[in-house]
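The working numbering puts the sequence shown at residues 1055 to 2083.
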Amino acid sequence: MDVFTPNPSQQKAIEFPMERPLKIIAGAGTGKTEVLARRFVYLVKHYKLRPHHIVALTFTKKAAAEMRRRIVALLGAEGLVDRNEAALLTWIGNFHSISLILLKQHPLLVGLDPSFEIVDEVEQIALLRNVLNDFLNNRLSESNENRFEDLLIDSPDNLQQDILAIINRLKSNFIHPQDVKKQLLPLLKREYRNLISELNATIDDSNTHASTKKAFEKRLAAIPLDEAYEQLFLNAVYVIYRSYRERLADKNLLDYNDLIFYAHTLMNNNPDLRKNFEYILVDEFQDTDSGQYRLLETMSRRFQNVTVVGDPKQLIYEWREAKLENMNKFPGETVPLEENYRSFGQVLDVANRFIRNTMPGEPPLRTASQGGRGNAGEARVNLVYTKDRETEAVFVARQIKGLIERGRCPGEIAVLMRTIHSSRAVEEALSASGIPYVTVGGCGFYDLQDIKDISALLRLVGNPFDDQPMVRMLQTEMIGLSDASLYHICRQREGEITSIYDAIKQGDLSGFRPASADRMRQLVRLVEELAALRWSISLAELFSRALKGINYLKYLSSRERPRGPRFMNVAQFYKIASQYEERHPRDGLDEFLLYLETAASCDLKAQPGNAAAEKVQLMTIHQAKGLEFPIVFLVGVTPTGFRGGNFGYDEDFGIYVKRRPDGTFIVRYEGGYGRIERQLRERRYLEENRIIYVALTRTRDLLYITAYGPRKEEEKDFFSTLQAFASNMKHCITASVLEDAADEEDTAAPAEVSHAAGANIDLPLEQVLDATATAVERIVPVSPAAAPAAPPVPEFSYSKLALFRRCPRHYAFRYVYGFATTDEFDFDGNFGDGAGRLLGDLLHQTLMYYHRGMKRKQKMNAHKILDDLGPALDCPRQVLNRGHEFLQKYLDSHLSKKETVFEEKEFNWKIVAEGFTFIVKGTVDHVQREGDSLKIIDYKSGLKKPDDHRLQLALYKMALEEILGVTGMLTSNFYLSSGEEVTHHFSHDELADVRSRLLVDAREIVMANYSRSNEPEKCGICEFKSLCR
1055 MDVFTPNPSQ QKAIEFPMER PLKIIAGAGT GKTEVLARRF VYLVKHYKLR
1105 PHHIVALTFT KKAAAEMRRR IVALLGAEGL VDRNEAALLT WIGNFHSISL
1155 ILLKQHPLLV GLDPSFEIVD EVEQIALLRN VLNDFLNNRL SESNENRFED
1205 LLIDSPDNLQ QDILAIINRL KSNFIHPQDV KKQLLPLLKR EYRNLISELN
1255 ATIDDSNTHA STKKAFEKRL AAIPLDEAYE QLFLNAVYVI YRSYRERLAD
1305 KNLLDYNDLI FYAHTLMNNN PDLRKNFEYI LVDEFQDTDS GQYRLLETMS
1355 RRFQNVTVVG DPKQLIYEWR EAKLENMNKF PGETVPLEEN YRSFGQVLDV
1405 ANRFIRNTMP GEPPLRTASQ GGRGNAGEAR VNLVYTKDRE TEAVFVARQI
1455 KGLIERGRCP GEIAVLMRTI HSSRAVEEAL SASGIPYVTV GGCGFYDLQD
1505 IKDISALLRL VGNPFDDQPM VRMLQTEMIG LSDASLYHIC RQREGEITSI
1555 YDAIKQGDLS GFRPASADRM RQLVRLVEEL AALRWSISLA ELFSRALKGI
1605 NYLKYLSSRE RPRGPRFMNV AQFYKIASQY EERHPRDGLD EFLLYLETAA
1655 SCDLKAQPGN AAAEKVQLMT IHQAKGLEFP IVFLVGVTPT GFRGGNFGYD
1705 EDFGIYVKRR PDGTFIVRYE GGYGRIERQL RERRYLEENR IIYVALTRTR
1755 DLLYITAYGP RKEEEKDFFS TLQAFASNMK HCITASVLED AADEEDTAAP
1805 AEVSHAAGAN IDLPLEQVLD ATATAVERIV PVSPAAAPAA PPVPEFSYSK
1855 LALFRRCPRH YAFRYVYGFA TTDEFDFDGN FGDGAGRLLG DLLHQTLMYY
1905 HRGMKRKQKM NAHKILDDLG PALDCPRQVL NRGHEFLQKY LDSHLSKKET
1955 VFEEKEFNWK IVAEGFTFIV KGTVDHVQRE GDSLKIIDYK SGLKKPDDHR
2005 LQLALYKMAL EEILGVTGML TSNFYLSSGE EVTHHFSHDE LADVRSRLLV
2055 DAREIVMANY SRSNEPEKCG ICEFKSLCR
């Protein structure tokens, strides 16, 4: 909706009194995000609430970013915030990010170490796998006394997924390890007492048939074995869960569920913190779990200052502990939004018919009376049934090709499916038809196998004792260690051998095949060699040596041609390393590894809705939630049987087991009075209904629904439900069956690539880069040759501009003619230019590394950093002594305690004025948070000359404010020699004057107007005075 005119229900929701809780039931396409954003603005405008004291919660980073964008735009349009204040809206995010902010602000109030870190899902699985290995090898306390070998579980693979789900569910319900036995063992015993009573009652009933009585007697006889096995498994969960929590604590880590729990504890024990939250808005409330509901209750005044928005029909995360009862029990007045602005009427008719058939009692959607799409002149929903997945994929590709040929943009089309693993057939069909596509949730660049392998090797060079990258390297195809071999070597980590690296160096490898043992030792030698060289060679050289050391290019050459995609990936990684080194010449391997970690977490190559105007988007229905597309293909609407894991946790039944090791179903789970399977199966079916509904309501114009394969009568078939509508909804739906793809157009498969035997086996990396130039250009497009290139944009640093202002001729001698300057060093308690510059470099680098470590919550010793840097910079003892003296004055100041935002922040500020363009480059020493603002700090190791340094800070202020999109940045110099801070304030007119002077000076430099000094009294001490006439 370009111009938003609220309908009556939307208006009521926006202007609902803030003193009472509000529950908005918002159907698909009813404008709920806009309503929530406008309610935020309404609260600020009419109730005078402070924007940075309003919390807006949603469930994904993307949704939070969209919410922030809308709120900031609306607040700005109303003049309620400026750009600087917009940066302070820190309470717009998802539950986990808001919890993290709270805990970082008040860690000690809940007993956390302030330097705690968050474990991601991959690290969580690796940590849990280590726990399970120790459990299965009887290395956890209590294992022997419980005889856990009777569980007959011989591999972590048979336990890992189910145990992780159980732990996550226990945590989301705030059940701690010590509560597992206390709460869940009585529940289990009560369940069995009730089950025995019910079975006996049926057996004793005279109306029970003899065969039924016999079957129930058999089940009754099995109960002692079932109960004993389930109790043993419950004890196992307790031991594993407790060990998992202990290992997180030992490493000072929290997982995502811990964030919610500790944030709830913090708010519950410190109610005064609630004053920071004047109002709370929650989107997608139907997706909240028990823990998030309880956190919301403690953050608010028992929900009195809360608005929630949700749709029970779109609850599709029940498998992740989302609770529909949260929506039902929320105490607010209900305002329904039922007018749809997204889809044509025919699509809504089909969605509503589906609601009536599968979700009785839920309200239908209707086309908005103003601004709705209405009905199109033809059917907008197409049902197609095919014999197999390949035929379905070919049909989809052919239809998309036809749509594109008729003028549709590929980016307008989405292909939705239940799981991303189902995408392969569609990907191959689209590729064969030459249709560009992107698979959302497929591998981003940093998730590719080759990139993970190379990153793991570099991480090992950075820290050989890190087991996670070592495990990955050992299991690459170059070394090829099996799981069994890996477990064998991991078991050697005892006593002084604390890592796999130590185990390979010092342990017994006699049990391994000689070739495997040699490859492991070769890896260790390579890591040691590279670790010794890491400080003396470039990142690019380190990268090249690493690849050569493990014969990676030789390995790739045996798998594909030199211009293949995997070579392209290696070349791109090399390019990333080289460019990083060019931009950050002072950084080393540790900083690059941190950059890779950040880049991986921000990898947007496979995110939904990324302006992929040239590509069809393939994604799961869950990923499409909250998005809309002109054309949607919903593929694979084929029934799937209910499976479920062998172990689980449910609030009603506690921890349960599906089968005993002999394959016999646990009576409590299945058959007779076993209610667990029935309940789980019914929940799964209802959730599948909601998933299909979400998919149906993603489209604006045109919807294709396809299915394949034989249908079983006993399974509930969503496609058949939709197909049954076709006979009396012909204005909406067309239905057809495609038996074979033989009549489809021939589509050429990708040609096979022949490889010459042994070709390019030892190809140097430089040749790889040349050979993959075309492929790399696909990632970083190169503009085609056109008109002659424009002259380069001139670039200037502050020091160059300042020197030109002082003496244009000196500038010319130094920077245009390239005459060398002299550095005087005369240490009699005073510093000449050379010593002063050396002292300045030493202090700047020390403070950069100090604040970088502090920002990562590491324990840093600034004086030790300075001592370590001294020899590297060839600093004389006198410079080191003075450096320690100046450094201590800084550490004693209040500035050293402030939160760091940037250290050594480089910038390129492009100025365009009066038809002239130039760039000012620079590096800001330090940017920190000062209250609600940002503050620029410029260190000075020389004499206190605030007037001389004022121009520099004005330039930094204008540059960073424009680049960062903020206003009101504070500025100050810190004079390290005296420990004094001098704050500078600039008026608008003064900044405008500085900008004008920059423009004049830049023009003069470009025009080569090198006149005499503006400060002639200093000519007598100028080093170029003999050249100047």
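Think of the CB as a built atom: it goes at the ideal place given N, C-alpha and C, for glycine as much as any other residue.
query                                                                                                         : result
Closest Cα partner of Q1064 within the set N1261, V1089, K1559                                                : V1089
Contact check, I1078 vs A1118, beta carbons under 8 Å                                                         : no
Range of the contiguous alpha helix (DSSP H) that encloses H1938                                              : 1931-1945
Sequence ranges, beta strand (DSSP E) only - wholly within the stretch 1998-2071, length at least 3           : 2024-2029, 2034-2038
Bridge partner(s) assigned by DSSP for D1992                                                                  : N2027
For V1715, the first and last residue of its enclosing beta strand (DSSP E)                                   : Position check: residue 1715 holds Pro in this sequence, whereas Val was assumed. Careful: P1715 lies outside any beta strand (DSSP E) and carries neither H nor E.
Status (buried if at least 16 other CB within 10 Å, exposed otherwise) for I1068                              : buried
6 Å Cβ shell around I1973 - same chain, five flanking residues per side excluded                              : V1847, E1849, N1962, K1964
Counterpart residues of K1964 in DSSP-defined beta bridges                                                    : I1973
Range covered by the alpha helix (DSSP H) that runs through Q1671                                             : Per DSSP, Q1671 belongs to no alpha helix (DSSP H); it is in the beta strand (DSSP E), 1670-1674.
Span separating the alpha-carbon of L1129 from that of T1087                                                  : 15 Å
Collapsed DSSP secondary structure at A1080 in the structure displayed                                        : strand
M1121, enclosing beta strand (DSSP E) - first and last residue                                                : Per DSSP, M1121 belongs to no beta strand (DSSP E); it is in the alpha helix (DSSP H), 1115-1131.
Beta-carbon proximity check, V1670 vs I1759, cutoff 8 Å                                                       : no
Classification of L1156 by the beta-carbon crowding that lies within 10 angstroms, buried from 16 upward      : buried
Distance CB(R1754)-CB(R1396) smaller than 8 Å                                                                 : yes
Secondary structure, beta strand (DSSP E): runs of 3+ residues fully inside the stretch 1321-1350             : 1333-1336
Contiguous alpha helix (DSSP H) assignments of at least 4 residues, all confined to the stretch 1543-1588     : 1554-1560, 1568-1587
Counterpart residues of P1390 in DSSP-defined beta bridges                                                    : I1079
Close Cβ partners of R1443 (< 6 Å) along its chain, the five nearest in sequence each way excluded            : A1479, Y1762
Nearest-angstrom Cα separation, counted from P1060 out to E1387                                               : 19 Å
G1465 classed as buried or exposed, judged by whether at least 16 other C-beta atoms fall within 10 angstroms : buried
Anticipated Cβ contact below 8 Å, I1217 with Y1246, distance rounded                                          : I1217 to Y1246, Cβ: 23 Å. No contact.
Three-way DSSP call (helix, strand, coil) for S1192 in this model                                             : According to the sequence displayed, residue 1192 carries Asn and not Ser. Note: N1192 maps to coil in three-state DSSP.
Beta-bridge pairing of R1704 - partner residues as DSSP gives them                                            : Going by the sequence as given, residue 1704 is Asp instead of Arg. Answer is G1708.
Residue range of the alpha helix (DSSP H) that includes S1226                                                 : 1214-1226
As assigned by DSSP and simplified to three states, the class of S1987                                        : strand
Collapsed DSSP secondary structure at R1754 in the structure displayed                                        : strand
C-alpha distance - R1273 paired with Q1214, whole-angstrom precision                                          : 29 Å
Own chain, CB closer than 6 Å to A1080, minus 5 neighbours either side, in chain order                        : K1086, V1363, D1365, L1391
Neighbour-count burial assignment, M2012, 16 or more Cβ in a 10 Å radius                                      : buried
Identity of the residue in Y1710, F1566, E1372 nearest H1676 by Cα                                            : E1372
Sequence ranges, alpha helix (DSSP H) only - wholly within the stretch 1256-1308, length at least 4           : 1264-1304
Span separating the alpha-carbon of H1980 from that of D1992                                                  : 7 Å
Nearest-angstrom beta carbon gap, T1954 and H1905 [assumed within contact, 8 Å]                               : 5 Å
8 Å Cβ cutoff met for L1893 and G1937                                                                         : yes
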